[in-house]
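Have a look at the structure below before the remarks.
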Amino acid sequence: MFENLKEQPVDKIMAIMAKYKADPRPGKIDLGVGVYKNAEGVTPVMRAIKAAEKQLWEEQETKAYVGLLGDPAYGDAMRELVLADAVPAENVSVAATPGGTGACRQAFELIRMANPDARVFVSDPTWPNHMSILNYVGIPTIKYRYFDAETGGVMFDAMMEDLAEAKAGDVILLHGCCHNPTGANLTLQQFEAVAELIVEKGCVAMIDIAYQGFGDGLDADAAGTRLIASKVPECLIAASCSKNFGIYRERTGVLMAVAQDKDMAVLTEDNLKSLNRLNYSFPPDHGARLVTMILNDEKLKADWMAELEEIRTGMLGLREQLARELQERSGSDRFAFLAEHRGMFSLLGTTPDKVEQMREHNAIYMIPDSRMNIAGLNKETVPQLAKAIIDAGI
Ligand code: LMR
Numbered sequence: 076m077f078e079n080l081k082e083q084p085v086d087k088i089m090a091i092m093a094k095y096k097a098d099p100r101p102g103k104i105d106l107g108v109g110v111y112k113n114a115e116g117v118t119p120v121m122r123a124i125k126a127a128e129k130q131l132w133e134e135q136e137t138k139a140y141v142g143l144l145g146d147p148a149y150g151d152a153m154r155e156l157v158l159a160d161a162v163p164a165e166n167v168s169v170a171a172t173p174g175g176t177g178a179c180r181q182a183f184e185l186i187r188m189a190n191p192d193a194r195v196f197v198s199d200p201t202w203p204n205h206m207s208i209l210n211y212v213g214i215p216t217i218k219y220r221y222f223d224a225e226t227g228g229v230m231f232d233a234m235m236e237d238l239a240e241a242k243a244g245d246v247i248l249l250h251g252c253c254h255n256p257t258g259a260n261l262t263l264q265q266f267e268a269v270a271e272l273i274v275e276k277g278c279v280a281m282i283d284i285a286y287q288g289f290g291d292g293l294d295a296d297a298a299g300t301r302l303i304a305s306k307v308p309e310c311l312i313a314a315s316c317s318k319n320f321g322i323y324r325e326r327t328g329v330l331m332a333v334a335q336d337k338d339m340a341v342l343t344e345d346n347l348k349s350l351n352r353l354n355y356s357f358p359p360d361h362g363a364r365l366v367t368m369i370l371n372d373e374k375l376k377a378d379w380m381a382e383l384e385e386i387r388t389g390m391l392g393l394r395e396q397l398a399r400e401l402q403e404r405s406g407s408d409r410f411a412f413l414a415e416h417r418g419m420f421s422l423l424g425t426t427p428d429k430v431e432q433m434r435e436h437n438a439i440y441m442i443p444d445s446r447m448n449i450a451g452l453n454k455e456t457v458p459q460l461a462k463a464i465i466d467a468g469i
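Here's what the structure looks like:
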């Protein structure tokens, strides 16, 4: 049987991770996979997570199953964190999932169950795994124009033109904040215009929010998601705790479905429960429990927020330093967009050849589409990157 299997396409983010690992050169710079690193190049366990883990170790008496949707307290805490009071709580059903990827997968399966004719509109570009999972699940995708490589910003008029092709029942997938891979984000007014289009066309909104707190702050980063959820009749939200709680390997996320009323929410919840049961039964609990403990404890929450803010402002400082260095070295403002972008990533907007050149000559690793993880830099490596970018003729 196994001989019938075919080699699978390589995920470009995973491929860069492997190449970086295998490179023996000292001083190599990893701007590949989206993992936060501090100035020492370490991905730390956050203070509040450590404290919650200690408390959990002391207090937890059982590891018995919790529930197919996870602990309801986790669902409530995440709904509150992402949506605040944007929609009535009774209209929202929440399923704990293995990370944000698990949430996306469950969302796509739910879409397929609910409407086999649905197409999903995705930004060009989007996180490559969106495309991979959608293809695997068998949902047709349509790309909408998004990133303007000339300006480093969003080509909003073109995006709206493309979204105008959507039909009733199609799904519009948006990034809640810190767009991956580009770093270019919609303004609130633009979110509003998209919400109006979704309502007018009878589409369903889906929002992937994996970097809340990494852009402009916890509430500011959720503002677009809250606005969409409050305006459209139906909305799916895949949220991740991997980055903002730094618990990547614990696989902690949620899928939230905002329905039009309570009855529809009950039906949706029943389907989310069934999907969890079919795919992995009970979702992982450890990370979710830590998140719940932190969000429900004033002291732990304050400390978590303070550390998240250090991470966020650290990345902003690196962005500004990089834009400044490039301005000085190039004598132009053409890289100013790097300071405008938000989140972990920026798309430099160059060719795979130039990216490869920087990998070969400078041991700098980015994704071939020129996505850079800003958190992979520090004050010392920013000038090295700026020099490499100019030397590569970008
Ligand atoms: C990324 O985009 O690098 C992260 O979301 C990690 C991943 O799973 O791809």
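This note's numbering puts the first residue of the sequence shown at 76, with every later residue one more than the last.
No residue lacks a Cβ here, since even glycine has one placed at the ideal position from N, Cα and C.
Owing to the predicted nature of the structure, the values given are computational and were not obtained by experimental measurement.
Q) What first and last residue would you give for the beta strand (DSSP E) that runs through R326? A) Where R326 is concerned, there is no enclosing beta strand (DSSP E), given that its DSSP letter is neither H nor E.
Q.
On a Cα-Cα basis, can you pick out the residue from G328, A127, V117 and I208 that is closest to K374?
A. For K374, the closest of G328, A127, V117 and I208 by C-alpha to C-alpha distance is A127.
Q: Would you decide whether K454 is buried or exposed? Buried here means 16 or more other CB atoms lie within 10 Å of its CB.
A: Within a 10 Å sphere around the beta-carbon of K454 sit fewer than 16 other beta-carbons, which makes this residue exposed.
Q | Segment contact flag, the region 418–425 with the region 435–453, C-beta cutoff 8 angstroms, min 3 pairs | A | Between the region 418–425 and the region 435–453, the count of C-beta pairs closer than 8 angstroms reaches three or more; the two stretches touch.
Q. CB L29 to CB I465, shorter than 9 angstroms?
A. An answer regarding residue 29 cannot be provided, because it is not within the stretch 76 to 469 covered by the chain.
Q | Reduced DSSP secondary structure (H/G/I, E/B, other) of M447 | A | DSSP, read as helix, strand or coil, puts M447 in strand.
Q. When burial is assigned at 16 or more other CB atoms within 10 Å of the CB, is S356 buried or exposed?
A. It counts as exposed.
Q | Residues near A461 in its chain [Cβ-Cβ closer than 7 angstroms; skip 5 each side] | A | Correct list, in chain order: L397, E400, L401 and R404.
Q: Can you tell me the Cβ-Cβ gap for A377 and Y149, rounded? I've got them flagged as a contact below 8 angstroms.
A: By a beta-carbon distance limit of 8 angstroms, A377 does not contact Y149. Their separation comes to about 20 angstroms.
Q | CA-to-CA distance, M235 to Q265, given in whole angstroms | A | Roughly 9 angstroms between the two C-alpha positions.
Q. What residues match up with K306 in a beta bridge as DSSP calls it?
A. Note: K306 sits in no beta bridge, so no partner.
Q) My guess is that I282 and I312 are in contact by the Cβ rule of under 8 angstroms, so how many angstroms apart are they, rounded? A) I282 to I312, Cβ: 5 angstroms. Contact.
Q | 7 angstroms CB neighbourhood of I124 in its chain, flanking five on each side removed | A | Listed in chain order, the non-local C-beta contacts of I124 below 7 angstroms within the same chain comprise F320, G321, I322 and L365, local neighbours out to five positions each way being set aside.
Q) Between the beta-carbon of V167 and the beta-carbon of A334, is there less than 9 angstroms? A) Closer than 9 angstroms, so yes.
Q. By a C-beta neighbour count over all protein chains shown, 10 Å radius and 16 as the cutoff for buried, is T176 buried or exposed?
A. That one is buried.
Q.
Let me check you understand the geometry: is the CB of I282 closer than 8 angstroms to at least one non-hydrogen atom of the ligand LMR?
A. Incorrect: I282 has no Cβ contact closer than 8 angstroms to the ligand LMR.
Q.
Taking only three categories from DSSP, how would you classify S405?
A. S405 carries a helical assignment under DSSP once its states are collapsed to helix, strand and coil.
(Q) Just checking W202 against the ligand LMR - is the residue's beta carbon closer than 8 angstroms to any of the ligand's heavy atoms? (A) Checking the Cβ of W202 against the ligand LMR gives yes.
Q.
I want to check one thing, is the minimum distance from the CB of G107 to the heavy atoms of the ligand LMR below 8 angstroms?
A. Yes.
Q) Is I369 near the ligand LMR, with its Cβ less than 8 angstroms from a heavy atom? A) I369 Cβ: outside cutoff for every heavy atom of the ligand LMR.
Q: Name the one or two DSSP bridge partners that K348 has.
A: For K348, DSSP records no beta bridge to any residue.
Q.
Below 8 angstroms, is the gap between the Cβ of V110 and the nearest heavy atom of the ligand LMR?
A. Indeed, a heavy atom of the ligand LMR lies less than 8 angstroms from the Cβ.
Q.
Considering just the uninterrupted stretch of the beta strand (DSSP E) at H250, what are its terminal residues?
A. Following the DSSP letters along the chain, one finds H250 inside the beta strand (DSSP E) bounded by residues V246 to H250.
Q: Kindly examine the ligand LMR and report whether one of its heavy atoms sits closer than 8 angstroms to the Cβ of A178.
A: The nearest non-hydrogen atom of the ligand LMR is 8 angstroms or more from the C-beta of A178.
Q: Spatial neighbours of A411 within its chain, please: CB distance less than 6 angstroms, with the 5 preceding and 5 following residues excluded, ordered by chain position.
A: Closer than 6 angstroms at Cβ, skipping near neighbours: A398.
**Q.** Proximity test, I449 beta-carbon vs the ligand LMR heavy atom, cut-off 8 angstroms
**A.** For I449, the distance from the CB to the nearest heavy atom of the ligand LMR is not below 8 angstroms.
(Q) Is P256 close to the ligand LMR? I mean its beta-carbon at under 8 angstroms from any heavy atom of the ligand. (A) True, at least one ligand heavy atom lies under 8 angstroms from that Cβ.
Q: On a CA-only basis, which of V108, M121 and P99 is nearest I369? Give me that one, please.
A: It is M121.
Q. Under a Cβ-count criterion, where at least 16 other Cβ atoms within 10 Å of its own Cβ denotes burial, should E309 be classed as buried or exposed?
A. Counting C-beta atoms within 10 angstroms of its own C-beta, E309 has 16 or more neighbours from the protein chains shown and is therefore classed as buried.
Q: Kindly identify the DSSP beta-bridge partner or partners of V279.
A: Answer is V246, bridged to V279.
Q. Is P359 buried or exposed, if buried means 16 or more other CB atoms sit within 10 Å of its CB?
A. Around the Cβ of P359, a 10 Å sphere holds 16 or more other Cβ atoms; the residue is buried.
Q: Check whether the Cβ atoms of A285 and N260 lie closer than 9 angstroms to each other.
A: Contact: no.
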